[in-house]
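Down below is the structure, laid out as structure tokens.
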Amino acid sequence: METSHLTLADAVHLAHPLAARIADENGCRVLFIKGPVAEALCLRPHRVSQDVDVWVEPDKYPIFISALSAVGWRPRPLPDAPRILTMHSTTMIHERWPCDIDVHYMYPGLLADRRAVFDDLWAHRTSVEVAGWLVPACGRVDSAAIIALHALRDIQVERNRYEFDYLLDALRRSVTDDERRRLAQLARVCGASQTLAPLLHALNIDPPEPPDDPEYVERWLAWEVRRKDNSGTSRWIQLVRRAPWHQRPLILWRAAFLPASSFQALHPDVGARQTDLWRARVQRFGRGAAALPKATRTAWQVYHRERRTGRREDNT
Amino acid sequence: MTAPSAAVTNESSVLWRRAEDIAAVVHPGHTVVLGLRTHHLLDEPRPLVLAGSAHTIWSVLEQPMTTASLVHSVAEETGADADDLTSVITDFLGRLVELGLVCTDVPTSDEPLADHHEMPTDARSRRIARVSREQRPDTTVL
Numbered sequence: 006m007e008t009s010h011l012t013l014a015d016a017v018h019l020a021h022p023l024a025a026r027i028a029d030e031n032g033c034r035v036l037f038i039k040g041p042v043a044e045a046l047c048l049r050p051h052r053v054s055q056d057v058d059v060w061v062e063p064d065k066y067p068i069f070i071s072a073l074s075a076v077g078w079r080p081r082p083l084p085d086a087p088r089i090l091t092m093h094s095t096t097m098i099h100e101r102w103p104c105d106i107d108v109h110y111m112y113p114g115l116l117a118d119r120r121a122v123f124d125d126l127w128a129h130r131t132s133v134e135v136a137g138w139l140v141p142a143c144g145r146v147d148s149a150a151i152i153a154l155h156a157l158r159d160i161q162v163e164r165n166r167y168e169f170d171y172l173l174d175a176l177r178r179s180v181t182d183d184e185r186r187r188l189a190q191l192a193r194v195c196g197a198s199q200t201l202a203p204l205l206h207a208l209n210i211d212p213p214e215p216p217d218d219p220e221y222v223e224r225w226l227a228w229e230v231r232r233k234d235n236s237g238t239s240r241w242i243q244l245v246r247r248a249p250w251h252q253r254p255l256i257l258w259r260a261a262f263l264p265a266s267s268f269q270a271l272h273p274d275v276g277a278r279q280t281d282l283w284r285a286r287v288q289r290f291g292r293g294a295a296a297l298p299k300a301t302r303t304a305w306q307v308y309h310r311e312r313r314t315g316r317r318e319d320n321t
Numbered sequence: 053m054t055a056p057s058a059a060v061t062n063e064s065s066v067l068w069r070r071a072e073d074i075a076a077v078v079h080p081g082h083t084v085v086l087g088l089r090t091h092h093l094l095d096e097p098r099p100l101v102l103a104g105s106a107h108t109i110w111s112v113l114e115q116p117m118t119t120a121s122l123v124h125s126v127a128e129e130t131g132a133d134a135d136d137l138t139s140v141i142t143d144f145l146g147r148l149v150e151l152g153l154v155c156t157d158v159p160t161s162d163e164p165l166a167d168h169h170e171m172p173t174d175a176r177s178r179r180i181a182r183v184s185r186e187q188r189p190d191t192t193v194l
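So the sequence lines, in the order shown, correspond to chains S and U.
The opening residue of the first sequence carries number 6 in the numbering used here; numbering runs sequentially from there.
The opening residue of the second sequence carries number 53 in the numbering used here; numbering runs sequentially from there.
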């Protein structure tokens, strides 16, 4: 009897129909994005994905998470650290599966109401065969928009630049007039006229006017901060900026002297000895100080943008 | 479709086929399958690796067929003796039935059978003692 193990690539493929079946059994609409789906749509170069990305209709999100939990998947614990963008997904893990399932209820960069976004993408869905199953997936240009947003969020990362260029090349060679119109429509309906602007410009599509909506502007500014600087320092500065004045000293204290449990969750490679911990804390101070000028500059730029758009309110 | 049973598996007219709601990743030499019927979902679905002769049997089962046809096809594929294979294959199919990955159909009387390779009963009765452990299909539940 030969021994075998479930490879990451096989696990990712099989977890697509698994998630689709569980969603179907529980009456949840889901759309698969990125990974093997993007490859099947010829929008991403081949590489082994680390996880399954499945987007569940927002109102059914708790049901779907419960259904996955019922068959042994559980949420990956999150480190206690501030975020610039709102949480958009839950990562589910299973002790016998080497891959994660990322359950999205929204997607960063699609800034309109999350229900309206899902319904629009659902209306333009397609089916893609993964592990012998047809799973529901975002349509080709909708998938392209999602891949573009994923890359544009951290475009300074080499792999993201490569995948964005690959995507552009694929679209330039094959995009139809109908698909161009769909991209413009998606940008308008899903609130992505500004976040997707680099893709739209590259394809000679005029971005639609962004909505004149305070919530949209707030999300757009958060996207801009996240895109420019996602360092820990920047995240703490944004948390301080958003907090009322009386809470700021406590937040600053927590930023400087993160509790040991949170620190170790953020830096699992650090040894358990006190000396290791203190050495790592000193190094963190060093990195934080080095990142401070850029983070401050980004915060200052956002402050001025908020003033211009009338979003700035005194947090008293 | 009938519920699988030991009696049914000995019927020459029974057609074996892959169950519906199976996801599979096929590689040269092995297949990783995952049952996704409702009863699978109630019990933490786990992939099963079919390697070696198990992979061959699974591949041959792409079309529904009788035990004798299956044995004949696998014997052709592997060069093994059909007499030796029959019990291994029926045992293996029984296990796949238990796992919900394979099911059986009994054709109606006016439905033509695809089987042209039924073995004599006495040959079938001899085979069990001759099958060694090494010939059993390789399966691993992950």
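Every residue gets a Cβ at the ideal spot worked out from N, C-alpha and C, and that includes glycine.
- Under the 10 Å beta carbon count, Gly40/S is surrounded by 16 or more other beta carbons and is classified as buried.
- In terms of Cβ geometry, Leu13/S and Ala175/S do not form a close pair [threshold 8 Å].
- It is roughly 44 Å from the alpha-carbon of Ala45/S to the alpha-carbon of Asp135/U.
- Using a Cβ-Cβ cut-off of 8 Å, Val84/U counts as an interface residue toward chain S, since at least one Cβ of chain S sits closer than that to its own.
- If you compare the alpha carbons of Ala261/S, Ala277/S, Pro249/S, Gly237/S with that of Lys299/S, the shortest gap goes to Gly237/S.
- Using a Cβ-Cβ cut-off of 8 Å, His109/S does not count as an interface residue toward chain U, since no Cβ of chain U sits closer than that to its own.
- Chain-order list of chain S residues neighbouring Ala76/U: Ala136, Gly137, by C-beta distance under 7 Å.
- Pairing Arg166/S with Ile160/S, the inter-Cα distance amounts to about 5 Å.
- DSSP places Thr142/U within a helical segment (H, G or I) once states are collapsed to three.
- The C-beta separation of Tyr221/S from Pro215/S comes to about 7 Å, placing the pair in contact by the 8 Å criterion.
- For the C-beta of Arg98/U, the chain S residues within less than 8 Å are, from N- to C-terminus, Arg101.
- A check of alpha carbon separations from Arg186/S across Arg101/S, Leu208/S, Ala142/S, Leu173/S identifies Leu208/S as the nearest.
- In the three-state reduction of the DSSP assignment, Trp68/U falls in the strand class, which pools E and B.
- Arg178/S has a beta carbon lying at 8 Å or more from every beta carbon in chain U.
- In the structure shown, Asp157/U falls within a strand segment according to DSSP collapsed to helix, strand and coil.
- If you draw a straight line from the Cα of Leu122/U to the Cα of Ala136/S, it comes to about 24 Å.
- Under the DSSP definition of a beta bridge, Gly87/U partners with Ile74/U.
- The Cβ atoms of Leu201/S and Val146/S do not sit closer than 8 Å to each other.
- In terms of Cα proximity to Gln199/S, the closest of Arg158/S, Thr301/S, Glu100/S, Arg130/S is Arg158/S.
- Residues of chain S whose Cβ lies closer than 9 Å to the Cβ of Leu93/U are, in chain order, Leu23, Arg26, Ile27, Glu30, Ala72, Ala75, Val76.
- DSSP places Ala142/S in the strand class (E or B) of the three-state scheme.
- Residues of the same chain with a CB within less than 6 Å of the CB of Val84/U, apart from the 5 flanking positions on each side, are Val77, Pro99, Val101 in chain order.
- CA-to-CA, the gap between Asp118/S and Asp125/S works out to about 11 Å.
- In this structure, the straight-line span from the alpha carbon of Thr119/U to that of Leu151/U is close to 18 Å.
- Closest in C-alpha terms to Arg259/S, from the list Pro80/S, Pro273/S, Leu244/S, comes Leu244/S.
- A Cβ of chain U is located within less than 8 Å of the beta carbon of His18/S.
- Rounded to whole angstroms, the gap between the alpha carbons of Ala285/S and Arg292/S is 10 Å.
- Counting only unbroken stretches of 3 or more residues, the beta strand (DSSP E) elements lying wholly within the region 13–78 of chain S are 35–38, 56–61, in sequence order.
- In this structure Val230/S does not touch Ser148/S by the C-beta definition: roughly 26 Å separates them, more than the 8 Å allowed.
- Of all alpha-carbon atoms in Ala248/S, Arg34/S, Asp107/S, the one lying nearest the alpha-carbon of Trp127/S is that of Arg34/S.
- For Thr90/U, the residues of chain S that pass the 8 Å Cβ criterion are Glu30, in the order they occur in the chain.
- Of all residues in the region 36–63 of chain S, none places a beta-carbon less than 7 Å from a beta-carbon of chain U.
- Here Ser267/S is exposed. Its C-beta has fewer than 16 other C-beta atoms within 10 Å.
- Assigned with DSSP and collapsed to three states, Ile242/S falls in helix.
- Our two residues, Pro113/S and His155/S, have alpha carbons roughly 8 Å apart in a direct line.
- Contact with chain U is found for Asp15/S, since one of that chain's Cβ atoms lies less than 8 Å from the residue's Cβ.
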